[in-house]
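Participant: Numbering (our numbering), first residue to last: 66 to 256. For every residue, glycine included, the Cβ atom is placed at its ideal position computed from N, Cα and C. Treat the numbers as computed from the prediction; the structure is a model and nothing was measured. Below is one structure. I have some questions about it.
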Amino acid sequence: MADREDDDRDREFPKKFADSSSSSNGGVVDDDSKYANPQPSMNSCPSPQQAKVPRKNKKTPAEKELSLRKYFDTVGPSEGFDSVVDSDSDSDMLGDIRPDSVDDEEVIEAAKFAVNEHNKTLEKQNHLIFERVMKVNTQVVVGFMLYMTLEVKERQGNENEERSFYEAKVYLGINRHIALEFLRPAIHFKG
66 MADREDDDRD REFPKKFADS SSSSNGGVVD DDSKYANPQP SMNSCPSPQQ
116 AKVPRKNKKT PAEKELSLRK YFDTVGPSEG FDSVVDSDSD SDMLGDIRPD
166 SVDDEEVIEA AKFAVNEHNK TLEKQNHLIF ERVMKVNTQV VVGFMLYMTL
216 EVKERQGNEN EERSFYEAKV YLGINRHIAL EFLRPAIHFK G
């Protein structure tokens, strides 16, 4: 029955809209009485206390400073490949680097892109074969910067494949723009 009611509302909207378009003011509805709260007022706005969103872990200034020091002491030396920020953290910092899901489709697509771009620069007999994403950190920029640790197989000529770890920094921009910053043997991964 709820679906039927939704359908009725959907069918009514165009009629109401069509009725208002025939008004003398070009379709603009000036009859505020049709709306539940026609004019915003001080009574309809939440108070500052009501507007505050409760935070999970309210930190003191000293705790925030300690948290920031720990963050920069970890992220700085690792070039973004390690992070101490939880993905659920209440960090106030914009542009922080935080862990992300290794199973995310866009992350896997970006990892494969990095390996393919890297392979274009190598001779055909020497190349990398993507295995999986071991770890990924994400930074929100104008788009996303991904700091990924990848497990790959290295093929040197016709010899056997050797398992290795590589670090990739990939930019995912707006409109599906993607760019490889670098792919190199892992220097920050302790696997």
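Could you give the DSSP three-state label for residue 233: helix, strand or coil?
Facilitator: For this step, residue 233 is matched to residue 168 along the sequence shown. Strand at residue 233.
Participant: Can you tell me the Cα-Cα spacing of residue 204 and residue 132, whole angstroms?
Facilitator: For this step, residue 204 is matched to residue 139 along the sequence shown. For this step, residue 132 is matched to residue 67 along the sequence shown. Their Cα atoms are separated by approximately 18 Å.
Participant: Specify whether the region 180-188 and the region 158-167 touch according to this definition: at least 3 beta carbon pairs, one from each stretch, less than 8 Å apart.
Facilitator: no
Participant: Going by C-alpha to C-alpha distance, which of 135, 193, 145 and 142 sits closest to residue 216?
Facilitator: The residue given as residue 216 occupies position 151 in the sequence shown. Comparing Cα-Cα distances from residue 216 to each of 135, 193, 145 and 142, the minimum goes to 193.
Participant: Under 8 Å: do the region 176-183 and the region 237-250 share three or more Cβ pairs, one atom per stretch?
Facilitator: yes
Participant: Given a cut-off of 8 Å on the beta-carbon distance, is the pair residue 210 and residue 254 in contact?
Facilitator: To locate residue 210, count along the sequence shown from 1; it is residue 145. To locate residue 254, count along the sequence shown from 1; it is residue 189. No.
Participant: Do you know offhand how far residue 141's Cα is from residue 238's?
Facilitator: Here residue 141 is taken as the residue at index 76 of the sequence shown, counted from 1. Here residue 238 is taken as the residue at index 173 of the sequence shown, counted from 1. Distance between the alpha carbons of residue 141 and residue 238 is about 23 Å.
Participant: In this structure, how does DSSP classify residue 247 when only helix, strand and coil are distinguished?
Facilitator: Numbered from 1 along the sequence shown, position 182 holds the residue referred to as residue 247. Strand, per DSSP.
Participant: Can you give the beta carbon distance from residue 146 to residue 202, rounded, assuming they're within the 8 Å contact cut?
Facilitator: Counted from its first residue, the sequence shown places residue 146 at position 81. Counted from its first residue, the sequence shown places residue 202 at position 137. At roughly 7 Å, the Cβ-Cβ gap stays under 8 Å, so residue 146 and residue 202 are in contact.
Participant: Report the residue from 134, 173 and 207 whose alpha carbon sits nearest the alpha carbon of residue 240.
Facilitator: Numbered from its first residue, the sequence shown carries residue 240 at position 175. Ranking the options by Cα distance to residue 240, first place goes to 207.
Participant: Residues bridged to residue 239 by DSSP?
Facilitator: Walking along the sequence shown from the start, residue 239 turns up at place 174. According to DSSP, which records beta bridges pairwise, residue 239 is partnered with nothing at all.
Participant: Could you tell me if residue 127 is buried or exposed, where buried requires 16 or more neighbouring beta carbons within 10 angstroms of its beta carbon?
Facilitator: What you label residue 127 is simply residue 62 of the sequence shown in a count that begins at 1. The residue is exposed, with fewer than 16 neighbouring Cβ atoms inside 10 Å.
Participant: For residue 27 and residue 227, which I take to be in contact (beta-carbon distance under 8 Å), what is that distance rounded to the nearest angstrom?
Facilitator: Lying outside 66 to 256, the shown extent of the chain, residue 27 is not represented and no answer is given.
Participant: Determine the burial state of residue 170: buried for a count of at least 16 other Cβ atoms within 10 Å of its Cβ, exposed for fewer.
Facilitator: Numbered from 1 along the sequence shown, position 105 holds the residue referred to as residue 170. Flag for residue 170 reads exposed.
Participant: Measuring CB to CB, does residue 214 end up less than 8 Å from residue 230?
Facilitator: Here residue 214 corresponds to residue number 149 of the sequence shown, with the count starting at 1. Here residue 230 corresponds to residue number 165 of the sequence shown, with the count starting at 1. In this structure, residue 214 places its C-beta atom within 8 Å of the C-beta atom of residue 230.
Participant: Using beta-carbon positions only, say whether residue 232 and residue 220 come within less than 8 Å of one another.
Facilitator: Mapped onto the sequence shown, residue 232 falls at position 167. Mapped onto the sequence shown, residue 220 falls at position 155. Their beta carbons are not under 8 Å apart, which means residue 232 does not touch residue 220 by this criterion.
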